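**Student:**
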Amino acid sequence: MVKSELICPICGRELETLPGGFRCKNRHTFDRAAKGYTNFLLPSQTKGKIPGDNKQMVDARRDFLDLGLYRLLSDTLNREAIRWLRAEGIASPRILDAGCGEGYYTAGLRAALDEAGIGGSMVGMDISKFALAAACRRTRGVEWGVASLFEMPVENGWADLLLNIFAPYSEEEFGRVLRKNGLLIMVFPGPRHLYGLKEILYEVPYENDVKHYQLKDFTFTGRVTVGDTVTVTGAQNIQNLFSMTPYYWKSSPEASARLARQESLVTEIQFDLLFYRKEKNPGKRKMPGREGKK
Ligand SMILES: [Zn+2]
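Quick note on numbering: the sequence shown equals residues 1400 to 1693 in the numbering used here.
1. Which first and last residues belong to the alpha helix (DSSP H) in which LEU1512 is found?
2. Near ARG1420, what residues of its chain come up, given a Cβ to Cβ distance below 8 Å and the 5 sequence neighbours on each side ignored?
3. Could you check whether THR1666 and GLN1609 sit closer than 8 Å to each other, using their CB atoms as the reference points?
4. Among the candidates ALA1515, LEU1476 and LEU1468, whose CA atom is the shortest distance from the CA of ILE1489?
5. Could you check whether the region 1454-1464 touches the region 1566-1582, counting it as contact only if at least three pairs of C-beta atoms, one from each stretch, sit closer than 8 Å?
6. Just to check my reading of the structure: GLN1444 and SER1547 have Cβ atoms closer than 8 Å, yes? What is that Cβ distance to the nearest angstrom?
7. Could you give the first and the last residue of the continuous beta strand (DSSP E) run that contains GLN1669?
8. Measuring only the C-alpha atoms, how far is GLY1540 from LYS1597?
9. Below 7 Å, is the gap between the Cβ of ASN1555 and the nearest heavy atom of ligand 1?
10. List the whole-angstrom C-beta distance separating GLY1544 from GLY1589, where the pair is believed to meet the contact cut-off of C-beta under 8 Å.
11. Please report the straight-line C-alpha distance between TYR1675 and ASN1425, rounded to a whole angstrom.
12. Using a Cβ cut-off of 8 Å (strictly closer), state whether ARG1460 contacts chain C.
13. So, is LYS1693 buried or exposed, given that buried needs 16 or more other C-beta atoms within 10 angstroms?
14. Which of helix, strand or coil does DSSP assign to CYS1423?
15. Within the same chain, show all residues whose beta-carbon is closer than 7 Å to that of PRO1687, passing over the 5 residues directly before and after it, in chain order.
16. Contact between the region 1520-1536 and the region 1502-1512: three or more CB pairs below 8 Å?
17. Can you find the residues in the same chain that come closer than 8 Å, C-beta to C-beta, to GLN1613, ignoring five residues on each side of it along the sequence?
18. Considering just the uninterrupted stretch of the alpha helix (DSSP H) at ILE1517, what are its terminal residues?
19. On a CA-only basis, which of PHE1617, LEU1600 and GLU1653 is nearest LEU1664? Give me that one, please.
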C-alpha cells in the first residue's frame, strides 16, 4: 500500500493508493473514473444533484482558454510561484489548486515547474466532474479530485502553496489546508478586465471593484496586476468568453443579441494576483462531517 497525498473525506484518515483509486483504514473506497479523476464528493454534499459547471460551460471555457488569450495570467502565475518556491528553497512543493476548473492554469503551472526542474505534488480540486474530466486530458501529472472547496480531502497544513483562481474561497478551509508560512495566491479580475466586452453590453460600462480581502490567520504580502489588450475573433469564441462571465446571466436579451452579432471583439484584459502568507499552523480542527466531530 502506498500512502497518498489525500485523506478520506468520510473519516479523515490517510488514503492509500490502490490501482484503481483510494482506500482508507476504515475501508472507505474512492474509485478513480476511467477519465482519470476521483470523485470525493459524498452523497450528503450533492443532495442528488450534479454540482458545478456543466459540460457545455466547461467546454466553452476550455475552448476559449486554449486560444491562449489568457496566457498572460498563466505565465505571471507560473513566474510568481516559481520565484517564491526558489526564494523559500522548496524543491519538492505540495501545491493545491482550489477551484481548478478545467485545469488550464494548474496544468500550465505543472509544465512550468517541470521545465524549472521543480518536482513535488500537485492536487487540483473542483466541484464539477465535467471540469475534472477535461482537466485530466491536460495532464496526468496532477491528482485531480471532485470535491467541495469548503471540505477538501487534504490533511491539515498539507499545502505549501494554495491557488484560488476566479473561484469561490473559504477562509476557514484555506486556513486549514495551508501550512504555517505557506503562500496563498488568489486571482481576481482587475478593474479594467473585459472592459471592451462591457462596452458592447452596457450603455454605461463600469470598472470592476478592486478586491482586497483581509483573511483571518493570513497576512497580505502584495499584489501583482497585469493587463493587455486582446482581439477575440469569431462569434463562437466571443460567445465562449461571454459564457465564462457573470454578465452572461445578467445581460438583457438585447445586449446579448448585440454581442452575438460581433465577429471580432477588442477588449482589455486585466488580472489581479493577491498574495497572502499563512501566519500559523492550523489547529486540530477536522473538516465538518468527519469522525470525531459528530
Ligand atoms: Zn475513511
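For every residue, glycine included, the Cβ atom is placed at its ideal position computed from N, Cα and C.
Here the structure is a predicted model, which is why all the values come from computation and not from measurement.
**Tutor:** Considering the structure as presented:
1. 1503-1514 is the span of the alpha helix (DSSP H), which, as asked, contains LEU1512.
2. At residue 1420 the sequence reads Gly, which differs from the Arg that was named. Here GLY1420 has THR1428, PHE1429, ASP1430, ARG1431 and THR1437 as same chain residues with Cβ atoms under 8 Å from its own Cβ, once five neighbours each way along the sequence are excluded.
3. It is Val, not Gln, that sits at residue 1609 in the sequence shown. In this structure, THR1666 does not lie closer than 8 Å to VAL1609 by Cβ.
4. The shortest Cα separation from ILE1489 among ALA1515, LEU1476 and LEU1468 belongs to ALA1515.
5. Flag = no, the region 1454-1464 and the region 1566-1582 do not touch.
6. The beta-carbon separation of GLN1444 and SER1547, rounded to 6 Å, stays under the 8 Å limit for a contact.
7. From DSSP, the beta strand (DSSP E) with GLN1669 extends over 1663-1677.
8. If you take the alpha carbons of GLY1540 and LYS1597, they lie about 37 Å apart.
9. Checking the Cβ of ASN1555 against ligand 1 gives no.
10. Taking the Cβ atoms as the reference, GLY1544 lies roughly 30 Å from GLY1589, outside the contact range of under 8 Å.
11. The alpha-carbon separation between TYR1675 and ASN1425 amounts to approximately 36 Å.
12. Of the protein chains in this structure there is only one, and it is not chain C.
13. Unreliable placement is indicated for LYS1693, whose pLDDT of 34 sits below 50; the coordinate value is still reported in the next sentence. Residue environment analysis places LYS1693 among the exposed positions, since fewer than 16 neighbouring C-beta atoms fall within 10 angstroms of its C-beta.
14. In the structure shown, the three-state DSSP call for CYS1423 is strand.
15. With a pLDDT of 48 at PRO1687, under the threshold of 50, the modelled position of this residue cannot be trusted; read the value that follows with caution. Cβ-Cβ distances below 7 Å link PRO1687 to GLU1550 in the same chain, with the five nearest sequence neighbours on each side left out; the list follows chain order.
16. Below 8 Å, enough C-beta pairs join the region 1520-1536 and the region 1502-1512 to call them touching: three or more.
17. Non-local C-beta neighbours of GLN1613 in its own chain, meaning closer than 8 Å and more than five positions away in sequence, comprise PHE1619, ordered along the chain.
18. Segment: none, ILE1517 is in no alpha helix (DSSP H) and carries neither H nor E.
19. Cα-wise, what sits closest to LEU1664 is LEU1600.
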